[in-house]
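Novice:
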Amino acid sequence: MEIGLSHYLIISALLFSLGLYGVISRKHAVMVLMGLELILNAANINFVAFARFGGMNMDGQVAAVFVIILAAAEAAVALAILLNIYQHFKHVNLDEVDQMKE
Amino acid sequence: MDLTTLAFYFFAALTLGFGAVVVMSRNILHAAFSLLFTFFGIAGLYVLLFADFLAITQIMIYIGGILILIIFGVMLTTHITGVDVKSGRTGSIQLGGAVLVTLALAATLIIIATGTAWNESPAPEVTSTAELIGTSLLTRYLLAFEAASMLLLIAIVGAAFIARKKN
Amino acid sequence: MTHDTLLTLSVFVLLTPLLSFMINIFFGNKLGRLSGVVGTTILGIDLLMAALIAFSKLVTYGGEHIIQTRFEWFSPGSYAISVGYGIDNIAAIMLMVVTLISFLVHLFSTIYMEGDRRYPKFYAYLGLFTFSMLGIVMANNFLMMYIFWELVGISSYLLIGFWYEKDSASNAGKKAFITNRIGDLGFFAGIMILFMTYGSFMFEDIFAGIASGTLPFNNPTMLTLAGIGIFMGAMGKSAQWPLHVWLPDAMEGPTPVSALIHAATMVAAGVYLVAKVFWMFTADALTFIAIIGTITAFVSATIAITQVDFKKVLAYSTVSQLGFMIMSLGTGGYTNGFFHLVTHAWFKAALFLAAGSVIHAMHHAMHHMHDHHSDPQDINNMGGLRKTMPWTYRTFLFVTLALAGIPLTSGFLSKDGILAGTLAWAKLTGGWHWIVPVMAFTAAGMTAFYMFRLTIVAFHGEPKTKIAGHTHENPVRIVLPLVVLSVLSVWFFYSPNPIDASVGWFHARVVQPETAVPAAYQWEFLIQDHQAAPAENHGSHHALNALQEETHHYHYLAMFLSLLIAGTGIALAFAIYQYKLISADALEKRFKKLHTFSYNKWYFDELYHATVIALMLAVSKAMAWFDSVVVDGIVNLSAGLATVAGKVTGLFDHVVVDGAVNLTARVTGFFGSRLRKLQTGNIQFYVVMLLLGVILLFYFFV
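Residue numbers (numbering that gives the first Met the number 0), protein chains in the order written: chain A, 0 to 101; chain B, 0 to 166; chain C, 0 to 701.
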């Protein structure tokens, strides 16, 4: 079978689900971040796949570039916030960081 | 099975396999290193999709930048020398819920991906995408490009501001 | 020097004192004691420039009436408001007077004001004062004249009230300002009458309009009223009866300021104004002016006789002399009136600076003896100063002679001309107008008497107190201005003939202007006789009109009479105060009532208190009553109504509106308290919920 659009889409879907699983299930905030990166990459694969097969051409790749830019910014800010959380709570377990409820 | 197809399956397996390790592993360092291979696999997939510039960018930014950042994050927030490198999962009830939701979502996405009649029009093969992307960025996407540069600047300043020691 | 150069230079003359003001007001605190040096230097430069202009105008362009410029300032509607400035002969002479006296006052003050807390401010104000006065001198239109007129008002206010910590000083400043405002009201009305008629503020336009026969509202009375209105401004500034009350009180200012006000700046402004617009006064207006001047000269001379404050005597003598000037202008003696303004400026400045010198010395002596209660200005505390302060005495004596009108002094020349002019005027107009020369001669005699009384009591005899004995002559920076000013009071600066001024340059350069008023409303003898003029031209005399011709005839009679009267006055002063042939105390007892009347200044202040001020207070009280009863009542009533209405709405608010709001809040609160259990604070839980929602939506809709 010729490798086509749907192959990439399925890979993207699986990668997205894996990332989501990480985001939902892990306690450690850095792990959650890693899951987030997986989700972003899954989206990127979609963009590039549509660029190759869906007629988006360069637009798809440019969108992917912007996603990478956003990911970089997000990682920097998120890790800065993490450091703050660590300084305050002495851990980064997300399920224990719930002081804002009620 | 030609070489391209073979390469596709190799990179797909690389990506998904290490991706699974990333989210399943109890050891954060293992997870981080697995993430490296995941990114590498994605870069391979980009090459197969004629996106050579993106592939290089993926390696340079994700692996060279973000991943290093994440490893720094791990080291700064975890007692490396202690026993606490391992990261626990959340409670089992939520874990079950997570698995369920994830599976449901994966199934949904696959149904959509395969069930939709995509408007397929393969792009012409190009030798180098860098020039085309550069032209797009500085003409059609100039505003977005500038906005992104501002965003990066703000992110740098903001991150530095948030992370600095408070008195 | 061309006309343009002269005009440009005169702008510099005008603005230089303003520079002094700017420097001293903004950087005065940094300069400290240097500000005196700065101010004096700047005024010195100003003086040199003014001298250059005066020389050029009087010598090179002496024959031309005025060198001036005009330009359009703005044009509201169909009017075009023009302003400008110009130098005519009297302006050139005034430039010299103002800058020289101002310079000498600056120099004098470097010692007199030494150690004063607001020393730089003093110099700033002096600069402002000089600037404003120069503006008046150069103005060739009513608009600028009025602007600088008010500037003079404000700077005199600042200077008279300079020691505003003293109640009396700040009150004197206010009194000067408010009294001047009354006069300025008339001035303003006069200007407006002229502007409405002729549509311009420029002197030349207005005079040309009058000469062409256009009258305000086609009514000669309105022209007279305009003239009187403008003269009212002069009455305020030149302290003419009945607005003279501020000038004696202005003695509360520092003595150099008194010299400046009395000689060169403020009071000269009024006389200068009358001279400048002399063209437009009708016969009636001139008569009014003459009478006011005569009353002023007489009344203030009688007051001066009994005063014991050194500066008050001088102040009333100033008022009296200003009366002479105004009287002279009113009787058509334009040249003599202005001449007296100039000669009087020198010797009155000298008198005041001498007074300053004496007071300064008295202060020092008191300080030396740790006496803080005596009055350093009371002449009964002085005596014998002739020996301790020889230079002050010599200059004071000489300028006193000038003021009394003794030959060989400038004062004789000008006063003699004025008195002759009044005689000629009375002869030509006749009737009750003879009262004017009679009062004038009486006032001249009293002048001689009270000035010698002052000299003898303050300087002759033995020291009356220990303080007077301990005085010393002041340093050269105080004495030098005195010497300069008294030298300027010698006759030969004005005329080669010590008994006749009409052969001097002054009379040649300050020529009576041809009247602009139509012949029907002007004295016949003031109208220039064009045919007769060349024929009458015998010798150096050049009579322009019948009045001058007549004045010339009366010259020797007036001289004889005035010498006789002044001699009597001086002899009387010596007899009473020097040789005690007649006891002053006995005289005082004999004429108790007259003495009290004079000593209390004819009760003018009390009169104003009882009438004008009492009326104002009554009106204010009525207003206050209206305010507190009627206006406040209405306000309070509406406030009460508003309160009742407010209470009703408040009740409605409380029960109905609040009830509805509270119900909503309770319902919301009930559901909120149930639903908030979902807010666990766990992000991952939220993500799961979100995803469930997405999946459900997908299957629900697709």
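Think of the CB as a built atom: it goes at the ideal place given N, C-alpha and C, for glycine as much as any other residue.
Does any heavy atom of the ligand NAD sit closer than 6 Å to the C-beta of G645 (chain C)?
Specialist: Looking at this structure, you won't find the ligand NAD or any other ligand, since it has none at all.
Novice: Would you mind listing the alpha helix (DSSP H) stretches within the stretch 30-99 of chain A that are 4+ residues and don't spill past its ends, in chain order?
Specialist: Entirely contained in the stretch 30-99 of chain A, the alpha helix (DSSP H) runs reaching 4 residues are, in chain order, 57-88.
Novice: 7 Å is my cut-off, CB to CB: does I682 (chain C) come that close to chain A?
Specialist: Working through the third sequence from its first residue, we reach residue 682 (chain C) at position 683. At a cut-off of 7 Å between beta carbons, I682 (chain C) contacts chain A.
Novice: Looking at L42 (chain C) and P119 (chain C), is the spacing between their C-beta atoms short of 7 Å?
Specialist: Looking up residue 119 (chain C) in the third sequence gives position 120. Looking up residue 42 (chain C) in the third sequence gives position 43. No. Outside cutoff.
Novice: Are the CB atoms of A401 (chain C) and T394 (chain C) within a distance shorter than 7 Å?
Specialist: Here residue 394 (chain C) refers to the residue found at position 395 when the third sequence is read from its first residue. Here residue 401 (chain C) refers to the residue found at position 402 when the third sequence is read from its first residue. No, these two residues do not count as a Cβ contact at 7 Å.
Novice: V435 (chain C) and M388 (chain C) look like a contact to me (Cβ under 8 Å); what is the Cβ gap, rounded to whole Å?
Specialist: Indexing the third sequence from 1 puts residue 435 (chain C) at position 436. Indexing the third sequence from 1 puts residue 388 (chain C) at position 389. Not quite, the Cβ-Cβ distance comes to about 39 Å (not below 8 Å), so this is no contact.
Novice: Would you say L8 (chain A) lies against chain B (beta-carbon separation less than 7 Å)?
Specialist: Taking the first residue of the first sequence as 1, we reach residue 8 (chain A) at position 9. Cβ-Cβ to chain B under 7 Å: yes for L8 (chain A).
Novice: Let me know the secondary structure DSSP gives R476 (chain C) once reduced to three states.
Specialist: The count along the third sequence starts at 1 and reaches residue 476 (chain C) at position 477. It is helical.
Novice: Any C-beta of chain C sitting closer than 7 Å to the C-beta of A106 (chain B)?
Specialist: For the purposes of this step, residue 106 (chain B) is taken as the residue at position 107 of the second sequence. No, its Cβ sits nowhere closer than 7 Å to a Cβ of chain C.
Novice: What residues from chain B crowd round F697 (chain C), counting only those whose CB sits closer than 7 Å?
Specialist: Residue numbering aside, residue 697 (chain C) sits at position 698 when the third sequence is read from its first letter. Using a Cβ-Cβ cut-off of 7 Å, F697 (chain C) is close to T107 of chain B, given in chain order.
Novice: Is DSSP giving R163 (chain B) helix, strand or coil here?
Specialist: By one-based count along the second sequence, residue 163 (chain B) stands at place 164. Coil, per DSSP.
Novice: What residues of chain A sit near G16 (chain B), judged by a beta carbon separation below 9 Å?
Specialist: In the second sequence, residue 16 (chain B) corresponds to position 17, counting from 1. Chain A residues near G16 (chain B): none, gap ~10 Å exceeds 9 Å.
Novice: Closer than 8 Å by C-beta to H87 (chain A): which residues in its own chain qualify, once you throw out the five before and the five after it? Chain order, please.
Specialist: Taking the first sequence and counting its residues from 1, one reaches residue 87 (chain A) at position 88. Cβ neighbours of H87 (chain A) beyond the five flanking positions: none.
Novice: Closest Cβ-Cβ distance between G95 (chain B) and chain C: below 7 Å?
Specialist: Mapped onto the second sequence, residue 95 (chain B) falls at position 96. Taking Cβ atoms only, chain C never reaches closer than 7 Å to G95 (chain B), which makes this a no.
Novice: Could you pull the DSSP bridge partners for V628 (chain C) from this structure?
Specialist: Within the third sequence, the letter at position 629 stands for residue 628 (chain C). The partner list for V628 (chain C) (beta bridge, DSSP) is empty, contrary to what the question assumes.
Novice: Whole angstroms is fine: what's the gap from Y163 (chain C)'s alpha carbon to I260 (chain C)'s?
Specialist: As a first step, residue 163 (chain C) must be located in the third sequence, where it is residue number 164. As a first step, residue 260 (chain C) must be located in the third sequence, where it is residue number 261. The straight-line gap from Cα to Cα measures roughly 18 Å.
Novice: Using a Cβ cut-off of 7 Å, which residues of the stretch 65-78 of chain A contact any Cβ in chain B, in chain order?
Specialist: F65, I67, I68, A70, A71, A72, A74, A75, V76, L78
Novice: Can you say whether K600 (chain C) is buried or exposed, counting buried as having 16 or more other CB atoms within 10 angstroms of its CB?
Specialist: Numbered from its first residue, the third sequence carries residue 600 (chain C) at position 601. Buried: at least 16 other Cβ atoms inside 10 Å.
Novice: For N635 (chain C), which residues does DSSP report across the bridge?
Specialist: On the third sequence, residue 635 (chain C) is found 636 positions in, with the first residue counted as 1. Paired residue(s): none; N635 (chain C) is not in a bridge.
Novice: Let me see if you follow: with CB-CB separation under 7 Å, is D58 (chain A) close to chain C or not?
Specialist: Mapped onto the first sequence, residue 58 (chain A) falls at position 59. D58 (chain A) does not count as touching chain C.
Novice: Using a Cβ cut-off of 7 Å (strictly closer), state whether V687 (chain C) contacts chain A.
Specialist: For the purposes of this step, residue 687 (chain C) is identified with residue 688 of the third sequence, where counting begins at 1. Cβ-Cβ to chain A under 7 Å: yes for V687 (chain C).
Novice: Check N26 (chain B) in the structure and name its three-state DSSP category.
Specialist: Along the second sequence, read from residue 1 onward, the residue named residue 26 (chain B) stands at position 27. Reduced to three states, the DSSP call for N26 (chain B) is strand.
Novice: Identify whether W117 (chain B) lies in helix, strand or coil by the three-state DSSP scheme.
Specialist: Locating residue 117 (chain B) in the second sequence gives position 118, where the first residue counts as 1. Three-state result, W117 (chain B): coil.
Novice: Could you spell out the range, first to last residue, of the beta strand (DSSP E) harbouring S81 (chain C)?
Specialist: Locating residue 81 (chain C) in the third sequence gives position 82, counting from the first residue. Here the beta strand (DSSP E) through S81 (chain C) covers 80-87.
Novice: What residue range is occupied by the uninterrupted beta strand (DSSP E) comprising E71 (chain C)?
Specialist: Counting from one through the third sequence, the residue named residue 71 (chain C) turns up at place 72. Start and end: 65-73.
Novice: Interface residues of chain E around V156 (chain B) at Cβ under 9 Å?
Specialist: Absence of chain E from the displayed structure is noted, the protein chains being A, B and C.
Novice: Could you say if the stretch 322-332 of chain C and the stretch 228-244 of chain C meet the contact criterion of at least three C-beta pairs nearer than 8 Å?
Specialist: yes
Novice: Quick one, which of A:A42, A:Q60, A:L93 has its alpha-carbon nearest I132 (chain B)'s?
Specialist: What you label residue 132 (chain B) is simply residue 133 of the second sequence in a count that begins at 1. Answer by Cα proximity: A:Q60.
Novice: Please identify the residue among C:L586, C:V273, C:L246, C:H371 whose C-alpha is closest to the C-alpha of M144 (chain C).
Specialist: Translated into positions along the third sequence, residue 144 (chain C) becomes position 145. That would be C:V273, whose Cα lies nearest to the Cα of M144 (chain C).
Novice: Hey, L78 (chain A) and L35 (chain B): beta-carbon distance below 7 Å or not?
Specialist: Translated into positions along the first sequence, residue 78 (chain A) becomes position 79. Translated into positions along the second sequence, residue 35 (chain B) becomes position 36. Taking 7 Å as the cut-off, the beta carbon of L78 (chain A) is found no closer than this to the beta carbon of L35 (chain B).
Novice: Measure the alpha-carbon distance for L35 (chain A) versus L152 (chain B) and round it to whole angstroms.
Specialist: As a first step, residue 35 (chain A) is located in the first sequence; it is residue number 36 there, counting from the start. As a first step, residue 152 (chain B) is located in the second sequence; it is residue number 153 there, counting from the start. The C-alpha of L152 (chain B) is placed about 22 Å away from the C-alpha of L35 (chain A).
Novice: Measuring CB to CB, does F524 (chain C) end up less than 7 Å from A545 (chain C)?
Specialist: As a first step, residue 524 (chain C) is located in the third sequence; it is residue number 525 there, counting from the start. As a first step, residue 545 (chain C) is located in the third sequence; it is residue number 546 there, counting from the start. Pairing F524 (chain C) with A545 (chain C) gives a Cβ-Cβ distance under 7 Å.
Novice: Pick out whichever of B:T3, B:L48, B:H29 has its Cα sitting closest to the Cα of T126 (chain B).
Specialist: Mapped onto the second sequence, residue 126 (chain B) falls at position 127. For T126 (chain B), the nearest C-alpha among the options comes from B:L48.
Novice: Give the single residue among B:I58, B:I41, B:I62 whose Cα lies nearest to the Cα of A11 (chain B).
Specialist: Your numbering for residue 11 (chain B) matches position 12 in the second sequence. Per the Cα distances, B:I41.
Novice: Give me whichever residues DSSP pairs with V489 (chain C) in a beta bridge.
Specialist: Looking up residue 489 (chain C) in the third sequence gives position 490. DSSP output for V489 (chain C) lists C:T408 as bridge partner(s).
Novice: Start and end of the alpha helix (DSSP H) containing T178 (chain C)?
Specialist: As a working note, residue 178 (chain C) is residue 179 in the third sequence. Per DSSP, the unbroken alpha helix (DSSP H) holding T178 (chain C) starts and ends at 166-197.
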